[in-house]
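These notes concern the structure reproduced below.
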Amino acid sequence: MHSANKAAVMVIEDNTYDFEILQWAFTKSGNQTPLQHFRNGTQALDFLHSISSQPEQFAQPAVILLDLTLQDMDGLEILYEIKSDERLKHIPVIIWTSSGNDDRITDCFQQGANSYMIKPTKRENFLQNAQFLQAYCNQTQNKASTPQS
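Numbering of the sequence shown is given in full-length UniProt numbering, commencing with residue 1 and proceeding in unit increments.
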């Protein structure tokens, strides 16, 4: 599930079908970035807190793809936890949900979301999501490997 050598896209998604289609899209589009799946917010936050407290033992995700409507907690709670942690707040968080509610979108950006994607309804459109995520990962990894002046 987790590669220590390569940063992964951390997917926090309780809908197995949506995750499997995203996985298919990653494979089909030739993405080399591994997906790391967490089915609920509690598991995801436990892992993220492990990263925060023991950064030498765990590779940070390149990007976090976060569904807002999880069964065990609201995605905004997870977003708040991530963006409140000094060691995690720099990780890009992309909201990936079926809701296009303007108030909800505003709330996400106010809490620190880097981007907001509405889940596609057609399988083929998941390819666009996969390409977008790969671009995010490439940008994140390029920033990490570029010396800062």
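Just so it is clear, CB atoms sit at the ideal spot from N, CA and C, and this is done for glycine as well.
Closest to residue i by C-alpha separation, out of the options, would be which residue?
{"i": "Y136", "options": "F109, T69, I64, K89", "result": "I64"}
{"i": "Q58", "options": "T42, I78, L88", "result": "For the record, residue 58 in the displayed sequence is Phe; it is not Gln. When only C-alpha atoms are compared, the closest one is L88."}
{"i": "K122", "options": "V9, D18, E56", "result": "D18"}
{"i": "N15", "options": "E124, A130, S98, N114", "result": "S98"}
{"i": "K119", "options": "F109, Q110, G112, A130", "result": "A130"}
{"i": "residue 237", "options": "A44, F109, K28", "result": "Nothing can be reported for residue 237: it is not among the residues displayed for the chain, which extend from 1 to 149."}
I need the straight-line Cα distance from residue i to residue j, nearest angstrom please.
{"i": "I21", "j": "E86", "result": "33 angstroms"}
{"i": "Q36", "j": "M117", "result": "18 angstroms"}
{"i": "Q32", "j": "F26", "result": "8 angstroms"}
{"i": "L79", "j": "D72", "result": "14 angstroms"}
{"i": "M126", "j": "S53", "result": "According to the sequence displayed, residue 126 carries Phe and not Met. Rounded to whole angstroms, F126 to S53 spans 34 angstroms at the Cα level."}
{"i": "A7", "j": "Q134", "result": "12 angstroms"}
{"i": "Q139", "j": "F132", "result": "11 angstroms"}
Classify residue i: buried if its beta carbon has 16 or more other beta carbons within 10 angstroms, exposed otherwise.
{"i": "G100", "result": "exposed"}
{"i": "G30", "result": "exposed"}
{"i": "F38", "result": "buried"}
{"i": "D103", "result": "exposed"}
| Does the stretch 61-77 come within contact of the stretch 91-100, defined as at least 3 CB pairs closer than 8 angstroms? | yes
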